[in-house]
Amino acid sequence: MIPCRAPKCFPTSSTRVVVPQAILSTASPGPLPQWVYERIDEYAKRSIRQIAFSDMLKFGHRPSHSALLKAALFLADELPVRMAQRFQSLKHMPFGLASLSEVVTVQGWYAKSFAQLIEFREEVERWRRNPDAILKGHNAGAPQSKGGSYIWGSKRVSANAGGGGWFSGPFGGKPVAPTPSSVSNDYLSFVPGDFGFNRERDYELEPHLIAAAQYFNDSFVNILLEIVERHNSIVLLVAKNIRSVGDKHGFRESDPSTQHFLDRFHRTRISQRLLIGHHVALSQPSKSTGANNIGVVDTETNPVEVAEEAAEDASIVCEAAYGASPPIHISLGPSLKKVPTFVFVPSHLHHIMFEILKNAMRASVEKAELSTRRDGRGLDADDLSPVNVSIEEENEGKAILVRVSDRGIGISTSNMPKVFQYSFTTANADAGMMLGSESGASPLAGYGYGLPLSRLYARYFNGDLTLTSKEGYGTDVYLTLPKSLDGVMEPFL
């Protein structure tokens with residue numbers, strides 16, 4: 006498995022509270038309380054609030070604990086809406102897919118994650134409304150972190166301590182608020198409405214809530230990391246099941262209803278993981294986090310550096326599968342004097358570039374294999390035509406254009422309309438190539454999700470992915486992305 010070396014959406018930190026492995030299991034969570042399903046029905050009817058991507062940058066490089074808690078409260082309100090809608094959409098999958106045991110399992114993951122977020126949100130709200138009742142009988146002081154634990158008054162508790170439920174606080178599951186006298190200056194600097202993700206609602210924090218902001222946010226980050234772990238294999242699981250049902254029952258995977266469902270399903274998943282990853286990165290900045298990094302966003306994303314990393318990773322995988330890999334040449338367009346940087350999520354760009362380069366390298370290898378088989382000899386590195394990557398600007402310098410060209414086997418005229426369909430592929434699923442990505446170890450080729458998901462990533466940020474090809478001559482892929490996120494809104498989900 007080749008790890009993605011682009012900046013991660015989900016960094017780890019030495020301060021992270023250890024989560025029991027039982028919680029991280031991707032098995033079906035089993036029956037959940039009836040209130041969970043009733044609340045899912047309610048939340049699924051709500052409207053998703055679109056995110057302005059520029060608002061992701063307003064947190065700054067090192068946001069305060071109170072700013073992070075405000076962000077956590079927004080996510081604890083918004084993510085359940087998106088998860089409830091995905092839960093309901095799985096119930097209406099076409100061609101009987103909803104009845105598959107694996108789909109029911111995925112539904113269970115969404116339901117459990119939904120419940121965790123709701124319980125967290127309601128625990129914070131109970132604390133907000135009843136600080137005096139919670140304080141009764143306890144000499145609570147400002148929480149201080151020591152060795153991964155928090156000291157509340159004279160009693161030390163871990164951030165996972167407490168009673169039952171998926172979220173719990175100290176003293177038997179009831180978080181104990183510090184006294185208002187211990188409030189930090191965060192409260193004085195807070196300006197109502199300064200949380201850009203949600204302009205419709207003011208997440209103003211009371212003094213006792215601000216004093217405990219770090220505790221609550223640490224707990225929330227652990228919940229988010231559990232959700233990420235639980236949902237990691239969804240893309241591969243859905244792909245496998247659609248393929249297996251199509252093989253058994255003969256339905257057309259290219260059916261518009263299936264393609265539409267998969268587009269919406271994966272677009273929502275991208276949005277959820279972006280919001281979660283951004284909050285985790287803001288809360289747990291790594292030592293390598295630079296001044297240009299705000300959460301998962303790099304305000305000076307270098308497309309050449311990301312392309313080089315993606316090329317190196319794709320080359321390693323190609324060599325492992327075929328014994329050789331074509332050279333990759335990366336250059337700037339003739340009009341550029343220096344590398345253009347732009348505001349983007351490097352891990353998403355790496356994902357797109359890896360998929361494009363992987364396809365180009367495979368096409369080059371397969372064309373060379375045809376030639377060497379005719380000659381009755383083995384494949385040699387000299388037989389492989391290079392893959393060329395050109396980085397340019399377009400739209401009067403407002404967009405980045407990445408062109409990837411290969412002189413491989415190309416795509417037939419009959420297959421060109423299918424290249425962006427989920428589950429369409431010309432690759433051999435038994436090639437044995439593996440990729441370490443956001444969904445864990447999954448087949449590099451064979452499920453036909455690489456190009457449609459890459460285009461979905463590009464379009465999510467108001468970009469696009471197109472290609473032209475001629476069978477026997479090669480393929481040109483064009484990735485266009487805006488240089489600025491100003492004015493770019495999250496697409497309707």
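For the sequence shown, the numbering used here assigns the number 6 to the initial residue and increments by one for each residue that follows.
Every residue, glycine too, gets a C-beta built ideally from N, C-alpha and C.
All values derive from a computational prediction rather than experimental measurement.
By the 10 Å Cβ neighbour count, where 16 or more other Cβ atoms means buried, how is residue i classified, buried or exposed?
i    : result
G437 : Because G437 carries a pLDDT of 42, less than 50, the predicted location of this residue cannot be relied on, and no value is offered for it.
R378 : exposed
N237 : buried
C323 : buried
E401 : exposed
R67  : exposed
R134 : exposed
V109 : exposed
P487 : buried
H271 : buried
Y462 : buried
F349 : buried
K50  : exposed
L386 : Going by the sequence as given, residue 386 is Ala instead of Leu. A386 should be labelled exposed.
D501 : An answer regarding residue 501 cannot be provided, because it is not within the stretch 6 to 498 covered by the chain.
Q39  : exposed
H70  : buried
L29  : Residue placement at L29 cannot be trusted, given a pLDDT of 35 that sits under 50; the coordinates are not used to answer.
Y208 : buried
Y478 : exposed
L375 : exposed
E130 : exposed
H356 : buried
P422 : exposed
K75  : buried
G413 : buried
E128 : buried
S224 : buried
Just to confirm the assignment, what range does the alpha helix (DSSP H) spanning residue i have?
i    : result
H334 : No alpha helix (DSSP H) holds H334; the beta strand (DSSP E) holding it covers I333 to L337.
V41  : Q39 to A49
A77  : H70 to L95
L458 : G455 to Y465
Y115 : S106 to R134
Hey, residue i and residue j: beta-carbon distance below 8 Å or not?
i    : j    : result
P345 : S369 : no
W114 : R235 : yes
A453 : T485 : It is worth fixing the name first, because residue 453 is Gly in this sequence and not Ala. Contact: no.
I416 : T480 : yes
V392 : A365 : yes
A5   : N222 : Since the first and last residues shown for the chain are 6 and 498, residue 5 lies out of range.
V111 : L122 : no
Q55  : M494 : yes
E107 : L242 : yes
Y427 : Q264 : yes
A116 : L214 : no
L341 : V285 : no
F119 : V41  : yes
A373 : L389 : yes
F497 : P457 : no
A312 : V394 : yes
L490 : L287 : no
Q289 : V226 : yes
Y465 : I232 : no
N87  : I45  : Checking the displayed sequence, the identity of residue 87 turns out to be Arg instead of Asn. No. Outside cutoff.
List the endpoints of the continuous beta strand (DSSP E) containing residue i.
i    : result
E397 : V392 to E399
V409 : A404 to D411
L470 : D469 to K475
P487 : G479 to P487
With hydrogens ignored, establish whether the beta-carbon of residue i is closer than 7 Å to any heavy atom of the ligand PLP.
i    : result
N222 : This structure does not include the ligand PLP; it has no bound ligands of any sort.
Could you confirm whether any beta carbon from chain B is found closer than 8 Å to the beta carbon of residue i?
i    : result
N246 : Among the chains of the structure shown, chain B does not appear; only one protein chain is present.
Touch check for the stretch 473–492 and the stretch 325–340: three-plus C-beta pairs under 8 Å? no
Between the stretch 299–318 and the stretch 55–63, do three or more beta carbon pairs fall short of 8 Å? yes
Does the contact criterion of 3 or more C-beta pairs under 8 Å hold for the stretch 80–87 versus the stretch 262–281? yes
Where are the beta strand (DSSP E) runs, 3 residues long or more, that stay fully inside the stretch 301–370, in chain order? 302–306, 333–337 and 347–349
Under 8 Å: do the stretch 284–294 and the stretch 94–105 share three or more Cβ pairs, one atom per stretch? no
So, do the stretch 314–329 and the stretch 356–364 have three or more beta carbon pairs nearer to each other than 8 Å? yes
Would you mind listing the alpha helix (DSSP H) stretches within the stretch 271–300 that are 4+ residues and don't spill past its ends, in chain order? none
Return the chain-ordered ranges of every alpha helix (DSSP H) run that is complete within the stretch 212–258 and spans a minimum of 4 residues. 212–216, 218–236 and 239–254
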